[in-house]
Amino acid sequence: MNLADLDAELDQAALSGMKYAVWARLRPQRVAVVDPDGTEHSYAHVNGRANQLVRLFRARGLQAGDAVAMVMSNRVEFVEVLGACLRGGFRLTPINWHLTADEIGYIISDCEAKAVVAEAGRAPVEDAIRQAPGVPVRLAVGGAIESFEPYAAALEGLDATDIPDPVCGQTMMYTSGTTGRPKGVHRPTPAIVPQALYSQRGYEPDTSVQLCAGPAYHAAPLVFDISAAMATGVPLVFLDKWDSEQVLRTIHERRVTHLHLVPIMFQRLLALPPEVKARYPVDHVRYIVHGAAPCPPEVKRAMIDWFGPVLSEYYAGSEGGAGFAIDSHEWLKKPGSVGKRPALLQVRILDEEGRDLPNGQPGTIYHQLPPGGFTYWKDAAKTQATRVDGFFTMGDVGYFDDDDYLFLTGRSAETIISGGVNIYPQEIDNVLATHPAVADSATVGIPHPEWGEQVRAVVELRPGYEASDALKAELLAHARAGLPAFKVPRDLDFATDLPRSEAGKIQRGKVRAPYWAGRERQI
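Per the numbering used here, the sequence shown starts with residue 125, numbered consecutively.
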């Protein structure tokens, strides 16, 4: 079969979620997934597990359109569950296992999961599932979980051949606004990536190797690492925690050609001693895609100097939209840009009154809705609040230059992006507000040289309490007791009077502004 015929077959297989089955038929014994401990799994094994899972879910009553939640680290079962949902017509929600039991339980309940697949020891799933009763299928990997059935035992003896009646499923990632609980980004029709796009990124089935060094439950690694490897038939190498030398060693020893990173990962790799870098040549790397957070220009230049002009930056969100991309050659001509105005979907820059702004003037970025659109799951108000005449915003601020290249300058939404991870300040304020000393608080992101932004809480005290180091320590301990570690403020400041609007709402932008004073970029 020539490459053109193969691409056509894979495009057809994508419509039923069966791309991985094509590769399993063509190269059943080739390595498909490498676990963090080095264990290798073949295409035949992973594809067979996906088929068994579909049969198990159907036998337990799940139908096309039903939801499956997954709480799992980077391991082969993640790919197996994803493959099952894509071909079984199920709606998969991967959940951040760093969240609290309350947050995990909320998402399991909110997405209406009929099945949960969870990894033992990675999250307080036992407590979470008590908040989401009525989930009929519960499978545990990597050990025992109370009230969960062992994953391997549940699949034992089931038919592993390709299911005869596949239905294309999809993922529903959870994102959040500035207030309230996270919300699922729901598309009425699955998003299908054309196979030709992977050829443009330099994938070659016989020589390419994909690395996933970030958490698989995030949208970007899921798309750029896992789904890309499944679509192109190349080995996927998983790492489960960041160790800079181990990452570099893996890139070298596994001959990794493609990978997704975020700027903090660049900085940590660049910080390795010269003698360590010299031990692991990387001239075989063909494509590094990055995004999720702004990348300092000096960091990106240093990566290009080291790896060569193989970096490609993207700007997009879980919601979809136009999607921007810029390769190294273009970026060196337009440093700081995230790409040129796309040809397929429109992008508008609007002022506060909703008027279009000319090139050179920053405003809120609005993306044309993708085909089929999207909604925030069970939240019509939030969906509508982001819309203007067939366009939506993620709250980012930027401008087009005279050559139609987009530059990001800030964020009107209050989301903090620290190390590529979205953190929603209202969640932190809600926890701090439960302490008897706190009258009100405004959590913001402040500049950080490595993480991009760092979480800082600014607290207004109730009468009778005085600011002190002891009280600061007490409040931070209170936050640690109620939040996942990555959301806990790294420091806390006291304010006598937080700025408020005429309606009494805290003006978080004014709280944030002094920390960013004098900086050209505000993100």
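We put the beta carbon where it would ideally sit given N, CA and C, even for glycine.
Taking only the alpha-carbon atoms, compute the straight-line gap between residue i and residue j and give it to the nearest angstrom.
i, j, result
"residue 345", "residue 201", "16 angstroms"
"residue 527", "residue 384", "28 angstroms"
"residue 409", "residue 359", "15 angstroms"
"residue 579", "residue 171", "42 angstroms"
"residue 339", "residue 347", "12 angstroms"
"residue 379", "residue 425", "23 angstroms"
"residue 268", "residue 160", "20 angstroms"
"residue 472", "residue 396", "41 angstroms"
"residue 301", "residue 447", "Legend: pLDDT at residue 301 = 49, less than 50; position of this residue unreliable, no value from coordinates given."
"residue 203", "residue 350", "7 angstroms"
"residue 233", "residue 364", "27 angstroms"
"residue 400", "residue 164", "27 angstroms"
"residue 320", "residue 131", "7 angstroms"
"residue 133", "residue 371", "34 angstroms"
"residue 294", "residue 456", "36 angstroms"
"residue 214", "residue 187", "7 angstroms"
"residue 464", "residue 524", "8 angstroms"
"residue 627", "residue 512", "Legend: pLDDT at residue 627 = 47, less than 50; position of this residue unreliable, no value from coordinates given."
"residue 260", "residue 418", "42 angstroms"
"residue 154", "residue 377", "18 angstroms"
"residue 497", "residue 312", "7 angstroms"
"residue 391", "residue 192", "36 angstroms"
Helix or strand or just coil, what does DSSP make of residue i?
i, result
"residue 516", "strand"
"residue 548", "coil"
"residue 412", "strand"
"residue 295", "strand"
"residue 530", "strand"
"residue 284", "coil"
"residue 301", "Low local confidence applies: a pLDDT of 49 at residue 301 is under 50, so the model's placement there is unreliable, with the coordinate-based value given in what follows. Reduced to three states, the DSSP call for residue 301 is coil."
"residue 216", "strand"
"residue 627", "With a pLDDT of 47 at residue 627, under the threshold of 50, the predicted position of this residue should be treated as unreliable, and no value is reported."
"residue 609", "helix"
"residue 465", "coil"
"residue 622", "coil"
"residue 406", "coil"
"residue 592", "coil"
"residue 563", "strand"
"residue 511", "strand"
"residue 178", "helix"
"residue 158", "strand"
"residue 523", "strand"
"residue 278", "helix"
"residue 249", "helix"
"residue 186", "coil"
"residue 204", "helix"
In the DSSP assignment, the beta strand (DSSP E) including residue i goes from what residue to what residue?
i, result
"residue 263", "261–265"
"residue 502", "Neither: residue 502 is in no beta strand (DSSP E) and is coded neither H nor E."
"residue 618", "615–618"
"residue 133", "Note, residue 133: premise wrong, no beta strand (DSSP E); alpha helix (DSSP H) at 127–138."
"residue 440", "435–441"
"residue 633", "Where residue 633 is concerned, there is no enclosing beta strand (DSSP E), although the alpha helix (DSSP H) it sits in stretches over 632–640."
"residue 166", "164–166"
"residue 268", "Taken as a continuous stretch (DSSP letters only), residue 268 belongs to no beta strand (DSSP E), as it is neither H nor E."
"residue 342", "Run containing residue 342: none; DSSP gives neither H nor E here."
"residue 309", "307–310"
According to DSSP, residue i sits in a beta bridge with which residue or residues?
i, result
"residue 472", "490"
"residue 241", "194 and 263"
"residue 480", "474"
"residue 578", "570"
"residue 648", "Nothing about residue 648 can be read from this structure; the chain reaches only from 125 to 647."
"residue 384", "413"
"residue 541", "546"
"residue 362", "336"
"residue 444", "441"
Would you call residue i buried or exposed, if buried means 16 or more other Cβ atoms sit within 10 Å of its Cβ?
i, result
"residue 668", "Lying before the first or after the last residue shown, residue 668 is absent from the chain, which here runs from 125 to 647."
"residue 573", "exposed"
"residue 198", "buried"
"residue 429", "exposed"
"residue 316", "exposed"
"residue 143", "buried"
"residue 610", "exposed"
"residue 442", "buried"
"residue 502", "exposed"
"residue 141", "buried"
"residue 557", "exposed"
"residue 483", "exposed"
"residue 242", "buried"
Looking at the secondary structure, which residues open and close the alpha helix (DSSP H) in which residue i lies?
i, result
"residue 453", "452–457"
"residue 141", "Here residue 141 belongs to no alpha helix (DSSP H), and DSSP marks it neither H nor E."
"residue 222", "Taken as a continuous stretch (DSSP letters only), residue 222 belongs to no alpha helix (DSSP H), as it is neither H nor E."
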